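Asker:
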Amino acid sequence: FNAASLGLQARIKIFPLLFASGGGYVGYDQYCRYKDRELTKIGIEVPPRIANATQVALYKSIPTRLLSRAWGRLNQVELPTWLRKPVYSLYIWTFGVNMQEAAVEDLIHYRNLGEFFRRKLKPAVRPVCDSHCVISPADGKILHFGRVRNCEVEQVKGVTYSLETFLGPHTWAEAINNTVKPSNKDDPSSFQDLLVTKEGNELFHCVVYLAPGDYHCFHSPTDWRVAHRRHFPGSLMSVNPGVARWIKELFCHNERVVLSGEWAHGFFSLTAVGATNVGSIRIYFDKELRTNAPRYSKGSYNDFSYLSNNNQEGVSMRKGEHLGEFNLG
Amino acid sequence: STIVLLFEAPRDFTFNLKAGQKIRFGEPLGTM
């Protein structure tokens, strides 16, 4: 009994210590953020506060995939009719969902939150712009956009990730135009040169963040032919703008599906990056794709070519055509 | 979730966007 009470006392003594040190850390962190905000207010550009390796490792140690799958299972449970309206109304209120645009506005129609999350929109509410060659593939917020320089892409201003890590080795070209130009490891920009197939062209990127209340299907951003899919199993950390400003290479850690092919001006790719609450990615024309599986080996990826002997073109997609969706869990 | 577009285009391709702006499916991102 003595030993037990000693052990209990030790645990009780440690708790205030943990609480104090944790509180001290959070307090110091908040003070630094306050200082940054004050400096920004007087016009001094403050570099984003990036997480160090320990913080990233700590965050990655959270079982986000397990949580995501559990969240998905929960949202496949069919809700009793009387519970649907209150549950979905809370979600609508919390995330600012605009139900007037939904193809089916009657909340009772959706058997569970997963179905509600996959709701479609009335076709008329999203006219596809004809006068521009590239349109937004989804509803969301523009995190960053611009020209790609030195093979580094910005996830948000000032926080970059490596293009080669994000897309993986440039071997899909074998599928598209039967050429394999090995990228020169010690010259990162050579990878970027491999992607640009036409003289005088540049590489551009655009990052669209979909918030939980946004319409979560995505469409083809231009007229192009999809030749190849590369699926990277990975973490499912949150990708909200605050985290994107804090964790460098965030999009290279997370589960993602890279679709690559060609449009009128050469190379074109669309990458869907999963997140904690939306761990599953569906591509309507790719029945083989399985994302957020229980087991995967770190750093692995699997390739799939849409070209075959009798289809050297790949999958043709028209601008605005339904391409895929993010699912809960 | 996030969607990242990466593509090659002629040098005079321009985005008509502002970082942080809301955008909806079907709206223009940019053009030559």
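The listed protein sequences derive, respectively, from chains W and F. Counted from 1, the first sequence has number 19 at position 13 by my numbering; the numbering is strictly sequential. Counted from 1, the second sequence has number 140 at position 15 by my numbering; the numbering is strictly sequential. The C-beta atom is built at its ideal place from N, Cα and C for all residues, glycine as well. Only a predicted model underlies this, so the values are computations on that prediction, with no experimental measurement involved.
Does the beta carbon of Cys212/W sit closer than 7 angstroms to a beta carbon anywhere in chain F?
Answerer: yes
Asker: Measuring only the C-alpha atoms, how far is Glu255/W from Ser11/W?
Answerer: 47 angstroms
Asker: Quick one: Cα of Pro300/W to Cα of Leu72/W, how far?
Answerer: 8 angstroms
Asker: When you compare each of Ile50/W, Pro129/W, Arg55/W, Phe21/W to Tyr37/W by their alpha carbons, which one comes out closest?
Answerer: Arg55/W
Asker: So which residues on chain F does Ile141/W lean against when the C-beta distance must stay under 8 angstroms?
Answerer: Phe150, Gly151, Glu152, Pro153, Leu154
Asker: Anyone know if the C-beta pair for Phe399/W and Cys258/W falls short of 7 angstroms?
Answerer: Because chain W in this structure spans residues 7 to 335, residue 399/W falls outside the shown range and cannot be described.
Asker: Do you know offhand how far Glu268/W's Cα is from Ser74/W's?
Answerer: 33 angstroms
Asker: Decide if His211/W is buried, meaning its Cβ has at least 16 other Cβ atoms within 10 Å, or exposed.
Answerer: buried
Asker: What residues from chain F crowd round Trp269/W, counting only those whose CB sits closer than 8 angstroms?
Answerer: Phe132
Asker: Leu131/F and Ser275/W look like a contact to me (Cβ under 8 angstroms); what is the Cβ gap, rounded to whole Å?
Answerer: Sure, about 5 angstroms apart at Cβ, within 8 angstroms.
Asker: Given this structure, state the Cα-to-Cα distance separating Leu329/W from Ser126/F, to the nearest angstrom.
Answerer: 15 angstroms
Asker: The beta strand (DSSP E) with Phe151/W in it runs from where to where?
Answerer: 146-153
Asker: Give the single residue among Ala250/W, Lys293/W, Leu14/W, Asn58/W whose Cα lies nearest to the Cα of Ala281/W.
Answerer: Ala250/W
Asker: Please check the pair Val264/W and Arg236/W, which I expect to be a contact at CB under 8 angstroms, by giving their CB distance rounded to whole angstroms.
Answerer: 4 angstroms
Asker: Of all the CB atoms in chain W, is at least one closer than 7 angstroms to the CB of Thr127/F?
Answerer: yes
Asker: Measure from the C-beta of Ala76/W to each C-beta in chain F and report whether the shortest distance is under 7 angstroms.
Answerer: no
Asker: Put Pro92/W into one of helix, strand or coil per three-state DSSP.
Answerer: helix
Asker: Which of helix, strand or coil does DSSP assign to Lys187/W?
Answerer: Caution is warranted here: a pLDDT of 49 is assigned to Lys187/W, below 50, making its placement in the model unreliable, and the coordinate value is therefore given only provisionally. DSSP places Lys187/W in coil when its eight states are reduced to three.
Asker: Among all the DSSP beta bridges, which residues are the ones paired with Lys147/F?
Answerer: Lys147/W
Asker: Is the Cβ of Lys304/W closer than 7 angstroms to any Cβ of chain F?
Answerer: no
Asker: Under a CB-based cut-off of 7 angstroms, is Cys38/W close to chain B?
Answerer: Chain labels in this structure do not include chain B; the protein chains are W and F.
Asker: Looking at the C-beta of Lys126/W, does it have a partner C-beta in chain F at a distance below 7 angstroms?
Answerer: no
Asker: Taking CB distances under 7 angstroms as the criterion, tell me whether Ile148/W reaches chain F.
Answerer: It does; some Cβ of chain F falls within 7 angstroms.
Asker: Look at Trp178/W and Ser266/W and say whether their C-beta atoms are less than 7 angstroms apart.
Answerer: yes
Asker: Please name the residue, chosen from Tyr290/W, Arg262/W, His271/W, that lies closest to Thr277/W on a Cα-to-Cα basis.
Answerer: Arg262/W
Asker: Check for me: the alpha helix (DSSP H) holding Gln161/W runs from which residue to which?
Answerer: Where Gln161/W is concerned, there is no enclosing alpha helix (DSSP H), although the beta strand (DSSP E) it sits in stretches over 158-162.
Asker: Closer than 7 angstroms, CB to CB, is Cys258/W near chain F or not?
Answerer: no
Asker: Give the residues of chain F in contact with Val279/W, contact being defined as C-beta atoms less than 8 angstroms apart.
Answerer: Ser126, Thr127, Ile128, Val129
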